[in-house]
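Q: The structure is given below, and queries will be raised subsequently.
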C-alpha cells in the first residue's frame with residue numbers, strides 16, 4: 210500500500226513539508242498540501258486521495274473537524290487527525306466524525322519532527338488496510354442486494370428483535386408495504402402472522418422453520434393473500450441469533 214495517495218491538511222508550512230517528506234520517503238504519494246478546511250474539501254473532491262492527514266486548527270473559517278465531517282459524508286475518504294490539541298472538548302468533537310486515527314503532534318524543540326514517523330506509518334497502513342476491507346464488504350453487500358432485488362421470491366430481513374432491516378421489491382408487491390415505510394418497523398406490522406414463529410425461534414434458538422397457508426392482508430385494499438416460505442435465523446461467530454431472514458411467495 211506504499212503507493213497510496215495521501216492529502217496533507219496542515220497550516221504550518223514547515224510541518225507540512227516535514228510530513229510530506231516522511232510520507233514520500235515511505236513510498237506514499239502526496240497530491241497536495243493545503244492549509245484550510247475549505248481547500249481540503251475542494252482537493253478531496255478533485256483528487257479523491259486514499260487518505261487524508263488532517264490538522265484541527267487551520268487557516269480559514271472552517272476547522273479540520275468540520276472539514277473531516279463533510280469529506281466523510283460526501284466522499285467516504287478516511288481521515289487521520291494529526292494535531293497538537295488533546296483537550297476533552299476537541300477530542301469529543303473529533304470522535305463524532307469517526308476518524309481512523311488521532312495522533313498528537315509534539316512541540317518543536319528536543320526532537321527534529323513534531324510527530325513520530327513510525328507511529329504515523331503504522332496508523333496509515335492500518336487505515337488503508339481497514340478501508341480496503343470495508344470497500345470490499347460494501348461491494349459484496351451491493352452485489353447481494355442487487356441479487357435479492359431481482360429474484361422472484363419475496364425477502365425480508367430483520368434484527369434479532371424482529372425489526373425490519375431489508376425488504377426487496379417482490380416483498381413490497383406481496384405485502385403492499387413499501388421498503389422506505391417498513392424499515393425499522395416490527396415484522397408483525399408487515400407480516401403479523403409470522404411474529405409468533407419469530408418469537409418461538411428466538412426462544413428455542415431454532416435454525417429455520419417452514420410455514421404454509423399463512424394469510425396476510427394488503428393494507429391498500431384489504432385483499433387476502435396466502436403465503437408460504439421459510440424463516441432462517443442469522444447467527445454471529447458465537448452462534449447467537451442476530452437476525453432473521455424470511456423468504457416467501459404467494460401460495461396459489
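Residue numbers (the working numbering): 210 to 461. Every residue, glycine too, gets a C-beta built ideally from N, C-alpha and C.
Under a three-way DSSP split, which group does residue 459 fall into?
A: As a first step, residue 459 is located in the chain shown; it is residue number 250 there, counting from the start. If DSSP states are grouped into helix, strand and coil, residue 459 belongs with the strands.
Q: Below 8 Å, can you find three or more Cβ-Cβ pairs linking the stretch 345-355 to the stretch 223-240?
A: Verdict: no, contact absent.
Q: Can you tell me whether residue 290 is buried or exposed, with buried defined as 16 or more other CB within 10 angstroms of its CB?
A: Counting from one through the chain shown, the residue named residue 290 turns up at place 81. Looking at its Cβ environment, which holds 16 or more other Cβ atoms inside 10 Å, residue 290 is buried.
Q: Measuring straight from C-alpha to C-alpha, what distance separates residue 460 and residue 262?
A: Along the chain shown, read from residue 1 onward, the residue named residue 460 stands at position 251. Along the chain shown, read from residue 1 onward, the residue named residue 262 stands at position 53. Distance between the alpha carbons of residue 460 and residue 262 is about 57 Å.
Q: Within the stretch 370-406, note down every full beta strand (DSSP E) run reaching 3 residues or more, in order along the chain.
A: Runs of the beta strand (DSSP E) inside the stretch 370-406: 373-376.
Q: Evaluate residue 319 with the Cβ neighbour count: other Cβ atoms within 10 Å of its Cβ, from every protein chain shown; 16 or more gives buried, anything less gives exposed.
A: Reading the chain shown from its first residue, position 110 is the one you call residue 319. With a pLDDT of only 44 at residue 319, under the threshold of 50, the placement of this residue in the model should not be trusted; the figure read from the coordinates follows. With fewer than 16 Cβ atoms within 10 Å of its Cβ, residue 319 is classed as exposed.
Q: Return the chain-ordered list of same chain residues with a C-beta closer than 6 Å to the C-beta of residue 214, the five sequence neighbours on each side being excluded.
A: In the chain shown, counting from the first residue as 1, residue 214 sits at position 5. Contacts found: 238, 240, 258, 259.
Q: Please list the segments of the alpha helix (DSSP H) lying wholly inside the stretch 282-361, counting only runs of 4 or more residues, in order along the chain.
A: Complete alpha helix (DSSP H) runs here, min 4: 297-305, 326-358.
Q: If you run the structure through DSSP and keep just helix, strand and coil, what is residue 419?
A: For the purposes of this step, residue 419 is taken as the residue at position 210 of the chain shown. DSSP places residue 419 in strand when its eight states are reduced to three.
Q: Where residue 279 and residue 248 are concerned, what is the direct C-alpha to C-alpha distance, given to the nearest angstrom?
A: Taking the first residue of the chain shown as position 1, residue 279 is located at position 70. Taking the first residue of the chain shown as position 1, residue 248 is located at position 39. Using only the alpha carbons, I get a separation of about 12 Å.
Q: Within 10 Å of its beta-carbon, does residue 252 have 16 or more other beta-carbons around it, so buried, or fewer, so exposed?
A: Stepping through the chain shown from its first residue, residue 252 is reached at position 43. Per the 10 Å Cβ criterion, buried.
Q: So for residue 212, helix, strand or coil by DSSP?
A: Residue 212 sits at position 3 when you count from the first residue of the chain shown. DSSP places residue 212 in coil when its eight states are reduced to three.
Q: Could you check where the alpha helix (DSSP H) with residue 260 kicks off and where it finishes?
A: Numbered from its first residue, the chain shown carries residue 260 at position 51. Residue 260 -> not in any alpha helix (DSSP H); beta strand (DSSP E) instead, spanning 260-263.
Q: Rounded to the nearest angstrom, how far is the Cβ of residue 264 from that of residue 273, given a contact under 8 Å?
A: Counted from its first residue, the chain shown places residue 264 at position 55. Counted from its first residue, the chain shown places residue 273 at position 64. Going by Cβ atoms, the distance from residue 264 to residue 273 rounds to 5 Å, so yes, they are a contact pair.
Q: How big is the Cα-Cα spacing for residue 277 and residue 232?
A: Here residue 277 refers to the residue found at position 68 of the chain shown. Here residue 232 refers to the residue found at position 23 of the chain shown. If you take the alpha carbons of residue 277 and residue 232, they lie about 20 Å apart.
Q: Please go through the same chain and pick out, in chain order, the residues whose beta-carbon is closer than 7 Å to the beta-carbon of residue 330, but skip the five residues on each side of it.
A: The residue labelled residue 330 in the question sits at position 121 within the chain shown. Here the set comprises 235.
Q: Using the three-state DSSP reduction, which class does residue 365 fall into: helix, strand or coil?
A: The sequence position of residue 365 within the chain shown is 156, counting from 1. Reduced to three states, the DSSP call for residue 365 is strand.
Q: State yes or no: is the C-beta of residue 256 within less than 9 Å of the C-beta of residue 216?
A: Along the chain shown, one-based indexing puts residue 256 at 47. Along the chain shown, one-based indexing puts residue 216 at 7. Yes, the pair counts as a contact, with Cβ atoms nearer than the cut-off.
Q: Output the distance between the C-alpha atoms of residue 342 and residue 422, rounded to the nearest integer angstrom.
A: Locating residue 342 in the chain shown gives position 133, where the first residue counts as 1. Locating residue 422 in the chain shown gives position 213, where the first residue counts as 1. Residue 342 and residue 422: Cα-Cα distance of roughly 43 Å.
Q: Closer than 8 Å by C-beta to residue 268: which residues in its own chain qualify, once you throw out the five before and the five after it? Chain order, please.
A: Within the chain shown, the letter at position 59 stands for residue 268. 220, 244, 245, listed in sequence order.
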